[in-house]
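Everything on this sheet refers to the single structure shown next.
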Amino acid sequence: MLLNAKETLLKEILYQYLNQLNMICHCEKCIEDVLAISLNQVKPQYITDINKISYSKSEMVDKQKNTAMLVILTEAASKVSAFPRCENRLPINKDNN
Ligand SMILES: [Zn+2]
912 MLLNAKETLL KEILYQYLNQ LNMICHCEKC IEDVLAISLN QVKPQYITDI NKISYSKSEM
972 VDKQKNTAML VILTEAASKV SAFPRCENRL PINKDNN
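The opening residue of the sequence shown carries number 912 in this note's numbering; numbering runs sequentially from there.
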């Protein structure tokens, strides 16, 4: 089983700080968009064993790395909030539908 440990980590950090990211929408689509944008900016870290996630996690307890991840997530969240691709988009965009 091939897993990207960064995906798990980013997801955890995202949900941990969700209320601080000032997203205008918290739907599944927007959350996934934030994760996709963020994951495209970090180097993937593939593992073959789910049990190894906890090992790579201890590496990530490094506060500096966590902060870097949070910065990436914050930037992605503001991008998605500016142009949400879900049905909760801003009224100003509704004319385009
Ligand atoms: Zn949304």
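Glycine included, every Cβ here is placed at the ideal spot set by N, Cα and C.
Subject >> Sufficient close CB pairs (3 or more, under 8 Å) joining the stretch 951–966 to the stretch 932–941 >> reply: no
Subject >> Per DSSP, the bridge partner or partners of residue 915 >> reply: What you label residue 915 is simply residue 4 of the sequence shown in a count that begins at 1. Looking at the DSSP assignment, residue 915 forms a beta bridge with 957.
Original post:
Is residue 990 near ligand 1, judged by its Cβ being under 7 Å from some heavy atom?
Top reply: Counting from one through the sequence shown, the residue named residue 990 turns up at place 79. Outside the cutoff, so no.
**OP:** Consult DSSP for residue 983 and reduce its assignment to one of helix, strand or coil.
**Re:** By 1-based counting over the sequence shown, the position of residue 983 is 72. Residue 983: helix per DSSP, three-state reduction.
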